[in-house]
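Below is one structure, written out as structure tokens; the observations come after it.
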Amino acid sequence: MAVHGKWKIIWLTADDSGIHNYSEEIIDRNSYEHMFAIDSLPGVLLGFQLQPLDKEAMFLSGAWYGSFAQWEEKKIGISITTFKREMYVKKNMALLQKFQEVNPWLSVLVVDNGHTLPVQDKERFKLIHNLNFGGSGGFTRGLIEYVNAETVDYVLLMDDDVQIEVSALERTYALICALKEKFVDSFLSGAMLQIEKPGVQFENTAYWHKVRLYAWGRGFDLSQLEVLVKNEQINNWENTYGAWWYCCMPIKRIKEIGYPLPVFIKGDDMEYGIRNHRPWIHMNGIGVWHQSFANKQNHIVEYFNDRNMMILEHFAEGCNRFTFFVLIMSRFARHIVKRHAESIRMYEKVLQDYALGFEHITSIGADEKLKEVRSYDNKKWLPFSILCSLGKGVMEVMLYSKRHKQYRDFQKNQLKTQKFWRKYLKI
């Protein structure tokens, strides 16, 4: 720290019980440096206050530096999946290209499912075209490309329409390079903050509680110190996952656990995070801003959400026939209570496709499947459609064990290697 004049510096720590004075010093020289052993500090946050003690006091500059007990240089490859959202992705591409100029550890791959952007093939910046097989197809393509290239140690999956603060990338890099041995197989999850309310958090990891999703830290006002303390103390609940708006994973672990489910959208990040079955890494200051999902809901999105949560029941810990029954009935009841006629009618197709399994779902391209869902037209009298869905739901509860084996066998036999996905994506 560079200063002029006389100052008092007060070092503060924060924990659940509040803010505490840790130590005080008088600065009467032009430069100041203080070193802490992190393990010896109480609390979860460290900060300081400066108080001028004479009229000549001026603060000139300052910086934090860290030295680590262990440090191993790592390289990170960002994979962004986009589909006809040029306004967002071009801005992020430009930002990342500029950041790369002074950070040689970073590579960027943009997977364009819409084929609306020109192909690029630079050493550390590439843009490729991909079939429109949704987020799961785009992100899986990114994983395949990086695994085969063997140029990076970690892959950072990121949405195309997020707002990025590059300091989050710097923190991610430092955290990964200094990881302790117990976390070398862990995924790193970045929080999502709301673009509409930039200081308010939408989610900082989440977990599937057998029949519904629970988001940690939703609504947290991160401008409040006590909230920042709380936000650092995430529990690793059963079935915890990190969403793919910002999720960093080691190449080594991808090779071990295989590739994501071919679900188009919704739930691929949940199942893959649960499949890794390791403690999660997180930190205040690592995250992105994203628009609210409320504007993206419709009966097509609901189809994938409902179908894929049924599928998730076969991969999440603690789920069984009973939780499956509660899931399908509660989600159907929600559509009825909200009087979403299109979603109520669509629920028949949800149950029908779920029952046929991945072999049927992936028997045609995911883009063709999307067209099929969009063109689905259930003309039944609404009460009769409700009765049909209830009947199908009861039948699927009875067949739960059979479906469980089908879905688990598909994951085991088809997703451990790249073979299925390479054929499916026509690579």
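Residue numbers for the sequence shown, in my numbering: 205 to 631. Just so you know, even glycine gets a beta-carbon here, dropped at the ideal spot from N, CA and C.
Between I348 and K573, the alpha-carbon positions lie close to 23 Å from each other.
Ranked by Cα distance from N234, the options I214, D219, L250, A261 are led by A261.
Judged by DSSP in its simplified three-state form, E369 adopts coil rather than helix or strand.
Between G423 and N408, the gap from beta carbon to beta carbon reaches 8 Å or more. In this model, G597 and M513 are separated by some 14 Å (Cα to Cα). In the three-state scheme derived from DSSP, where H, G and I count as helix and E and B as strand, D243 is classed as helix.
Note: S265 is bridge-paired with A206 in the DSSP secondary-structure output.
By a beta-carbon distance limit of 8 Å, L360 does not contact G477. Their separation comes to about 14 Å. Rounded to the nearest angstrom, the gap between the Cα atoms of Y445 and G339 is 16 Å. A contact between stretches requires three or more CB pairs, one per stretch, nearer than 8 Å, and the stretch 378-390 meets this requirement with the stretch 450-469.
One thing to note: W625 has its Cβ no nearer than 8 Å to the Cβ of T217. Annotation for H503: the continuous alpha helix (DSSP H) segment containing it runs 503-516. Assigned with DSSP and collapsed to three states, W625 falls in helix.
Straight-line measurement puts the Cα of D258 at about 15 Å from the Cα of E229. Under the Cβ criterion (8 Å, minimum of three pairs), the stretch 292-302 does not count as touching the stretch 266-273. With respect to A559, I490 sits apart: the two C-beta atoms are not nearer than 8 Å. Here DSSP, grouped into helix, strand and coil, assigns L383 to coil. K583 has its alpha-carbon roughly 12 Å from the corresponding atom of I590. Between the C-alpha atoms of K553 and I540 there is a straight-line separation of about 16 Å. By the criterion of at least three beta-carbon pairs nearer than 8 Å, the stretch 301-313 is in contact with the stretch 321-336. According to DSSP, residue pairing for K212 in a beta bridge involves I230, Q255.
Sixteen is the threshold: since fewer than 16 other Cβ atoms of the shown chains lie within 10 Å of the Cβ of S427, the residue is exposed. Check the Cα spacing between P587 and each of V315, A545, E600: the tightest is with A545. Looking at the DSSP output, Q398 bridges to H494. Of the residues I458, R375, A378, the one whose Cα lies closest to the Cα of E354 is I458. For the pair D364 and R289, the Cα-to-Cα distance works out to about 8 Å.
For the 8 Å CB-CB criterion, M205 and Y226 do not form a contact.
The continuous stretches of beta strand (DSSP E) do not include I458, which lies in the alpha helix (DSSP H) extending over residues 455-461.
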